[in-house]
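A.B. asks: The structure that follows is given in the form of structure tokens.
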Amino acid sequence: MFKTFVRHRLQQYVRKYFAKHPEVILVVVAGSVGKTSTKRALGTILNMRYRVRMHEGNHNADISAPLAILGIDYPGSLRSVGAWISVFRAARRRIRQPSDVNVIIQELGTDRPGDLATFASYLRPNIALVSAVTPEHMEFFQTLDAVAREELSVTKFSDFVLINRDDVSDEYASYLENPNMSTYGTTALAENCFEIRDFTPDTGYTGMVSSPLMAQPQQMQVQVVGEHSLRPIIGAIAAALKIGMAPDDIAEALKQIKPVPGRMNPLRGIGGTVILDDTYNSSPAAAEAALRTLYGFADAPQRIAVLGSMNELGSSSQVEHEALGRMCDGGLLAWVVTVGEEAEKHLAPAARQRGCQVRSFRSPIDAGAFVRSVSEPGAYILVKGSQGGIYLEECVKVLCDMTEDIELVRQTPEWMRIKNEFLSKYTTASSN
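In the numbering used here, the protein residues as written are 13 to 444.
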């Protein structure tokens, strides 16, 4: 009852804020994967010319999203009446004061059908980006069609919509309930397109950006790894153009974009190896794209794929893990290393049938120790995993040169407590 009261009050404050400050532009990012990368890319670009409010995390729930939009810290105690009184007081001040930002960027997450309708009750975004429609939370959605209906429902309550042409299938076009829209991607079919001309691991992608909002195509450079990592950037470019940012300023701002921690972030490994840290989360589409990127390093003397179980797939788990296993090519991979029960049961056998050498582990640390024992100088090692029960960032710690100033995901004291508790059972088992 108290939580419902708080939620409704916060939503009311958000409505009042935008009514009082109609000049503030609200950009939201929905989609199965790629939301955080898209949000951070857009924030980096816009920061060059605008005052931007953007929560660095993925606060997209019923209470945390309004707080992030208003720029108010999450209270230390959710059950403290006094803490919420302070929050409400801060919200009223935010409404009364002159606007402190030009643009607010907010992720809109969904766990089950109908979640996005909650945002529709108090938000009217100026621009919405839909990053992808891929399997997510399938224990609740059951079908990909249901995922598409949910993610694309953001088009119902947004003024203008940008759709990732590469990762949202044409078959869901009937769910786009807004004629004010455009597309983006690396395919030539996208209206806002990044045409790749060159790629190197050190400098990233160089290409020609074209858009209906640009007088002519312009060369731009983005330092990310993997074509799927490039798509959030072109989405951000399209949104920045729509807001009114000049192409030259966008090209300059792109120089500030670096790989997001845990998302295809190249790190220096021990023994002259390169670690592709993609440990933030894993889904079928993202894992397949990461594997294709690994194959693209044609000059690598050795390639190793460390693949963790993909969570939240429900009844489709076996099918999706087997499909990823069939993407593993024994002619291109020296080793496939799996972590987690689902990957061991379903991905590993499929990879063996494709001629791969496979080893399976339950502990990310044990997997890292094995990979370190078989890796060769110059090897490219993809580490791709989910969070719950997988935690492959701990595998990365074993493989990386930790003398460098690197940032890994889930390293807060609270996360380390959770992971240490999880990993302790494997430590205990190995010592017996």
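Every residue, glycine too, gets a C-beta built ideally from N, C-alpha and C.
Note that this is a predicted model, so its numbers are computed, not measured.
#1: Please classify Phe17 as buried or exposed, where buried requires at least 16 neighbouring CB atoms within 10 angstroms.
#2: Select from Leu54, Ala202 and Ser44 the residue whose C-alpha is nearest the C-alpha of Gln268.
#3: Please classify Ser436 as buried or exposed, where buried requires at least 16 neighbouring CB atoms within 10 angstroms.
#4: Quick check: the Cα distance between Leu120 and Ala391, rounded to an integer number of angstroms?
#5: Taking the alpha helix (DSSP H) that Thr218 falls in, what are its first and last residues?
#6: Roughly how many angstroms separate the alpha carbons of Ala95 and Arg19, rounded to a whole number?
#7: Which value, in whole angstroms, describes the spacing of the CA atoms of Ala258 and Arg243?
#8: Identify which residue in Gly380, Leu266 and Gly83 has its Cα closest to the Cα of Arg63.
#9: For Ser328, which residues in the same chain have their Cβ closer than 8 angstroms to its Cβ, ignoring the five residues on either side in sequence?
#10: Can you tell me the Cβ-Cβ gap for Cys340 and Arg366, rounded? I've got them flagged as a contact below 8 angstroms.
#11: Could you have a look at Pro34 and say whether DSSP puts it in helix, strand or coil?
#12: Buried or exposed, going by whether 16 or more other CB atoms sit within 10 Å of the CB of Thr424?
#13: Using only alpha-carbon positions, find the residue among Tyr403, Leu394 and Leu135 that is nearest to Gly281.
#14: Taking the alpha-carbon of Gln154 as reference, which of Gly216, Asp123 and Arg429 has the nearest alpha-carbon?
#15: Measure the C-alpha to C-alpha separation of Ala185 and Asp413 and round it to an integer number of angstroms.
#16: On the criterion of 16 or more Cβ atoms from any shown chain inside 10 Å, does Val383 qualify as buried, or is it exposed?
#17: Leaving out the 5 sequence neighbours to the left and right, which residues in its chain are closer than 8 angstroms to Val272 when beta-carbon positions are compared?
#18: How many Å lie between Asp171 and Gly308 at the Cα?
#19: For Met232, report the span of its beta strand (DSSP E) as first-last.
#20: Look at Val113 and Val173 and say whether their C-beta atoms are less than 8 angstroms apart.
#21: Please report the straight-line C-alpha distance between Glu405 and Lys32, rounded to a whole angstrom.
#22: Compute the beta-carbon to beta-carbon distance between Thr56 and Ala265, rounded to the nearest angstrom, for a pair I have assumed lies under 8 angstroms.
#23: Would you kindly check if the distance between the Cβ of Gly320 and the Cβ of Gly397 is under 8 angstroms?
#24: Out of curiosity, what's the CA-to-CA distance linking Gly284 and Pro389?
#25: Exposed or buried, what is Met276 when buried is set at 16 or more other beta-carbons lying within 10 Å of its beta-carbon?
#26: In the DSSP assignment, the beta strand (DSSP E) including Thr195 goes from what residue to what residue?
#27: Of the residues Val115, Ser92 and Val408, which one's Cα is nearest the Cα of Leu279?
#28: Taking the DSSP output, what are the residues bridged to Lys396?
#29: In whole angstroms, what is the alpha-carbon distance linking Asn432 and Asn323?
#30: How far does the beta strand (DSSP E) with Val331 in it extend, from its first residue to its last?
#31: If you follow the beta strand (DSSP E) that Gln314 is in, where does it begin and where does it stop?
#32: State the DSSP-derived secondary structure class of Arg384, mapped to helix, strand or coil.
#33: Tell me which residue opens and which closes the beta strand (DSSP E) that Asp210 is part of.
#34: According to DSSP, which residues form a beta bridge with Ala119?
C.D. replies: In short, the structure shows the following:
#1: exposed
#2: Leu54
#3: exposed
#4: 38 angstroms
#5: No alpha helix (DSSP H) contains Thr218, which is instead part of the beta strand (DSSP E) from Gly216 to Ser222.
#6: 14 angstroms
#7: 20 angstroms
#8: Gly83
#9: Pro147 and Met150
#10: 5 angstroms
#11: coil
#12: exposed
#13: Leu394
#14: Asp123
#15: 46 angstroms
#16: buried
#17: Thr48, Ser49, Arg52 and Tyr292
#18: 39 angstroms
#19: Gln230 to Val234
#20: no
#21: 44 angstroms
#22: 6 angstroms
#23: yes
#24: 5 angstroms
#25: buried
#26: Met193 to Gly197
#27: Val408
#28: Asp290 and Leu319
#29: 20 angstroms
#30: It is not in any beta strand (DSSP E) - Val331 instead sits in the alpha helix (DSSP H) that spans Ser329 to Met339.
#31: Here Gln314 belongs to no beta strand (DSSP E), and DSSP marks it neither H nor E.
#32: helix
#33: Asn204 to Thr212
#34: Just to set this straight, residue 119 is Glu in the shown sequence, not Ala. Val41.
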